[in-house]
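In the UniProt record's numbering, the protein residues as written are 1 to 263.
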Ligand SMILES: C[S@@+](CC[C@H](N)C(=O)[O-])C[C@H]1O[C@@H](n2cnc3c(N)ncnc32)[C@H](O)[C@@H]1O
Ligand SMILES: Nc1nc2[nH]cc(C(=O)O)c2c(=O)[nH]1
Ligand code: SF4
Ligand SMILES: [Mg+2]
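Below, the structure written as structure tokens:
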């Protein structure tokens, strides 16, 4: 369900945390696929992708939820009816940043009431209290920050470099997420220069959080929105996972369907 800007509601403040409340959610796409990433990779799942993000990763594979957000406003009833069309018991709520939206909590409650397993894909900068079966947290490293040289084609990084850098890590939100939900920490990695920041962040988070964070919940995921780019990064990242005793996660959907929408 690719969508364009809606005319029936004002445009969302896509870059403003906690921006939407009230009935419904800005939906960019809703589709059925295999979970491509993380400890549930391979599980048939319905993906609900909200629009709007408080960060601007230069490599974002969901450009139309962040750099140039598009959406249709959908009521929770409509979203649930669409989810029910598929024979799946796993739902993945993603974005954009789904936890920007207060209504994501209401949607998760409705899905939980209907017996669905819920995964939330989040950048880890916002905590909300919701029935989440797996918090799939992907904290953003310095290598994600946009610069004039490293920015999606046709976009302007001005204003976003500093803001992204300021907001990309919130230890308090990360600690609350890992304390509250079964979790995985999924780092996007391109090369060994990313590793010192990961180990430092883990030291800080382990000191801040009241729960243990075992190494088998730390996943390294190769950076790459296309098969071509993944071919450059994946073996390097797998070797880094082995060297550090962390898990490696593939990006199955990119291997299978490259960068096609609704996959
Ligand atoms: C589009 S994001 C949406 C959820 C949330 N905003 C986040 O970043 O976790 C979904 C997942 O894709 C990952 N991702 C986005 N672009 C990527 C890329 N070029 N290579 C690898 N992973 C990427 C994110 O790190 C996250 O785990
Ligand atoms: N197949 C598939 N698996 C995914 N896991 C996380 C995704 C996301 O964009 O959050 C994603 C996605 O976009 N497609
Ligand atoms: S935080 Fe997620 S949705 Fe936002 S720009 Fe980064 S990868 Fe894209
Ligand atoms: Mg994706």
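Even glycine gets a Cβ: it sits at the ideal position worked out from N, Cα and C.
Computed from a predicted structure; not experimentally measured.
Problem set entry | Those residues which DSSP pairs with residue 155 across a bridge | For the purposes of this step, residue 155 is taken as the residue at position 155 of the chain shown. The partner list for residue 155 (beta bridge, DSSP) is empty, contrary to what the question assumes.
Problem set entry | Among 256, 218, 208, 226, nearest to residue 38 - alpha-carbon criterion | For the purposes of this step, residue 38 is identified with residue 38 of the chain shown, where counting begins at 1. Ranking 256, 218, 208, 226 by Cα distance to residue 38 puts 218 first.
For this session: Please indicate yes or no: does the CB of residue 29 lie closer than 7 Å to some heavy atom of ligand 3?
Result: Looking up residue 29 in the chain shown gives position 29. No, Cβ of residue 29 sits at least 7 Å from all heavy atoms of ligand 3.
Exercise. For the 8 Å Cβ check, are there 3 or more pairs between the segment 115-132 and the segment 177-187?
Worked result: Yes, the segment 115-132 is in contact with the segment 177-187.
For this session: Could you spell out where the alpha helix (DSSP H) holding residue 241 opens and where it closes?
Result: Position 241 of the chain shown, counted from the start, is the residue given in the question as residue 241. Per DSSP, residue 241 belongs to the alpha helix (DSSP H) from 227-244.
For this session: Look at the alpha carbon of residue 244 and the alpha carbon of residue 185, and state the distance between them as a whole number of angstroms.
Result: Counting from 1 along the chain shown, the entry for residue 244 is found at position 244. Counting from 1 along the chain shown, the entry for residue 185 is found at position 185. C-alpha of residue 244 to C-alpha of residue 185: approximately 15 Å in a straight line.
Exercise. Using a threshold of 7 Å, is the CB atom of residue 188 nearer than that to any non-hydrogen atom of ligand 6?
Worked result: Only ligand 1, ligand 2, ligand 3 and ligand 4 can be found as ligands here, which leaves ligand 6 out of the picture.
Problem set entry | Reference residue 127; option with closest CA among 222, 230, 170 | Position 127 of the chain shown holds residue 127. If we check each option's Cα against that of residue 127, 170 comes out closest.
For this session: Kindly examine ligand 3 and report whether one of its heavy atoms sits closer than 7 Å to the Cβ of residue 251.
Result: On the chain shown, residue 251 is found 251 positions in, with the first residue counted as 1. Distances from the CB of residue 251 to the heavy atoms of ligand 3 are all 7 Å or more.
Problem set entry | Inter-residue Cα distance where the pair is residue 2 and residue 207 | Here residue 2 refers to the residue found at position 2 of the chain shown. Here residue 207 refers to the residue found at position 207 of the chain shown. Low local confidence applies: a pLDDT of 34 at residue 2 is under 50, so the model's placement there is unreliable, with the coordinate-based value given in what follows. Cα to Cα, residue 2 sits roughly 43 Å from residue 207.
Exercise. Where does residue 77 sit, in a helix, a strand or coil, going by DSSP?
Worked result: Residue numbering aside, residue 77 sits at position 77 when the chain shown is read from its first letter. Helix, per DSSP.
Exercise. Excluding the five sequence neighbours on either side, which residues of its own chain have a C-beta within less than 7 Å of the C-beta of residue 252, listed in chain order?
Worked result: Counting from 1 along the chain shown, the entry for residue 252 is found at position 252. In the same chain as residue 252, and ignoring 5 residues on each side of it, the C-beta atoms closer than 7 Å to its own belong to 34, 36, 41, 42, in chain order.
Exercise. Going by alpha carbons, who is nearest to residue 117 out of 125, 124, 259, 108?
Worked result: Counting from 1 along the chain shown, the entry for residue 117 is found at position 117. Closest by C-alpha distance to residue 117, out of 125, 124, 259, 108, is 108.
Exercise. Residue 267 to residue 173, Cα distance in whole Å?
Worked result: Because the chain in this structure spans residues 1 to 263, residue 267 falls outside the shown range and cannot be described.
Exercise. Excluding the five sequence neighbours on either side, which residues of its own chain have a C-beta within less than 7 Å of the C-beta of residue 88, listed in chain order?
Worked result: One-based indexing of the chain shown puts residue 88 at position 88. Counting only Cβ-Cβ distances below 7 Å, and skipping sequence neighbours, we find 32, 44, 45, 46.
For this session: Starting from residue 35, follow the beta strand (DSSP E) in both directions and report where the run begins and ends.
Result: Position 35 of the chain shown, counted from the start, is the residue given in the question as residue 35. It is not in any beta strand (DSSP E) - residue 35 carries neither H nor E in the DSSP assignment.
For this session: Quick one: measure Cβ to Cβ for residue 91 and residue 83, integer angstroms, because I've assumed they're closer than 8 Å.
Result: Start at 1 with the first residue of the chain shown, and residue 91 comes out as number 91. Start at 1 with the first residue of the chain shown, and residue 83 comes out as number 83. Correct: roughly 6 Å between the Cβ atoms.
Problem set entry | residue 130 - DSSP class collapsed to helix/strand/coil | In the chain shown, counting from the first residue as 1, residue 130 sits at position 130. Residue state, collapsed to three classes: coil.
Exercise. If you draw a straight line from the C-alpha of residue 248 to the C-alpha of residue 240, how long is it?
Worked result: In the chain shown, residue 248 corresponds to position 248, counting from 1. In the chain shown, residue 240 corresponds to position 240, counting from 1. The straight-line gap from Cα to Cα measures roughly 9 Å.
For this session: Check residue 247 in the structure and name its three-state DSSP category.
Result: For the purposes of this step, residue 247 is identified with residue 247 of the chain shown, where counting begins at 1. It is a strand residue.
Exercise. From residue 255 to residue 61, what does the alpha carbon distance come to, in whole angstroms?
Worked result: One-based indexing of the chain shown puts residue 255 at position 255. One-based indexing of the chain shown puts residue 61 at position 61. Taking the Cα positions, residue 255 is about 14 Å away from residue 61.
For this session: Go ahead and label residue 175 buried or exposed: buried means 16 or more other beta carbons lie within 10 angstroms of its beta carbon, across all protein chains shown.
Result: For this step, residue 175 is matched to residue 175 along the chain shown. Classification of residue 175: buried, given that the 10 Å Cβ count is 16 or more.
Exercise. Excluding the five sequence neighbours on either side, which residues of its own chain have a C-beta within less than 7 Å of the C-beta of residue 142, listed in chain order?
Worked result: Walking along the chain shown from the start, residue 142 turns up at place 142. Closer than 7 Å at the Cβ level, and outside the excluded window around residue 142, lie 197.
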